[in-house]
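In the numbering used here, the protein residues as written are 7 to 146. Notes follow once the structure below has been shown.
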């Protein structure tokens, strides 16, 4: 049962942030999230390839795609023990993936603006994790 009201961004974010805590250091939960995240990324790729939508929508989807792709690569590295993060930062990363992969959040995905809230959450967390993203990009 969801513990937030659709349309309420704050309670939706809080709900997924709490759920993410259960996945910190949990290999099975992270594996499941990786699978769901990759499936979501594939759907987003399909959306980007379509001719539907305005240039503004396409640009927002592209930003979401690249940020989410980077976060999923970081999650994969965490899962494979090739990268480490502080637990609080790991929880933020997991929150972004959980939020994106859930079809029901502040703006359910079947809504015409369904990716808008996902993009906002992913972007805010991506910016919050900027130091970790930079550290991850310079691993090799």
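Glycine residues also receive a C-beta, built at the ideal position from the N, C-alpha and C atoms.
May I have the straight-line CA-CA distance separating residue i from residue j, to the nearest angstrom?
i: residue 94; j: residue 55; result: 35 angstroms
i: residue 26; j: residue 58; result: 33 angstroms
i: residue 102; j: residue 134; result: 11 angstroms
i: residue 40; j: residue 126; result: 20 angstroms
i: residue 13; j: residue 113; result: 6 angstroms
i: residue 50; j: residue 67; result: 7 angstroms
i: residue 64; j: residue 78; result: 21 angstroms
i: residue 10; j: residue 53; result: 27 angstroms
i: residue 16; j: residue 104; result: 15 angstroms
i: residue 89; j: residue 142; result: 7 angstroms
i: residue 61; j: residue 70; result: 14 angstroms
i: residue 48; j: residue 124; result: 15 angstroms
i: residue 43; j: residue 21; result: 18 angstroms
The ligand ADP and residue i: does the residue's C-beta get closer than 8 angstroms to at least one heavy atom of that ligand?
i: residue 134; result: This structure lacks the ligand ADP, and indeed carries no ligand of any kind.
Just confirm the distance between the C-beta atoms of residue i and residue j, as a whole number of angstroms; I'd bet it's less than 8 angstroms.
i: residue 73; j: residue 132; result: 4 angstroms
i: residue 46; j: residue 122; result: Between residue 122 and residue 46 the Cβ distance is about 15 angstroms, and since that is not below 8 angstroms, they are no contact.
i: residue 29; j: residue 145; result: Between residue 145 and residue 29 the Cβ distance is about 22 angstroms, and since that is not below 8 angstroms, they are no contact.
Considering Cα atoms alone, identify which of the options is closest to residue i.
i: residue 82; options: 113, 37, 109 and 53; result: 37
i: residue 4; options: 98, 141 and 79; result: Limits of the chain in this structure are 7 at one end and 146 at the other, which puts residue 4 out of reach.
i: residue 92; options: 11, 35, 70 and 139; result: 139
i: residue 136; options: 86, 76 and 88; result: 76
i: residue 32; options: 109, 141 and 86; result: 86
i: residue 23; options: 142, 143, 141 and 108; result: 108
i: residue 34; options: 111, 70 and 84; result: 84
So, helix, strand or coil for residue i, using DSSP?
i: residue 90; result: coil
i: residue 145; result: coil
Entirely enclosed alpha helix (DSSP H) segments - the segment 8-57, minimum 4 residues: Assignment of alpha helix (DSSP H) within the segment 8-57, counting only whole runs of 4 or more residues, yields 15-27 and 33-55 in chain order.
Every unbroken alpha helix (DSSP H) within the segment 93-135, with a cutoff of 4 residues, ordered by chain: Counting whole runs of 4 or more residues, the segment 93-135 contains the alpha helix (DSSP H) stretches 93-107 and 120-134.
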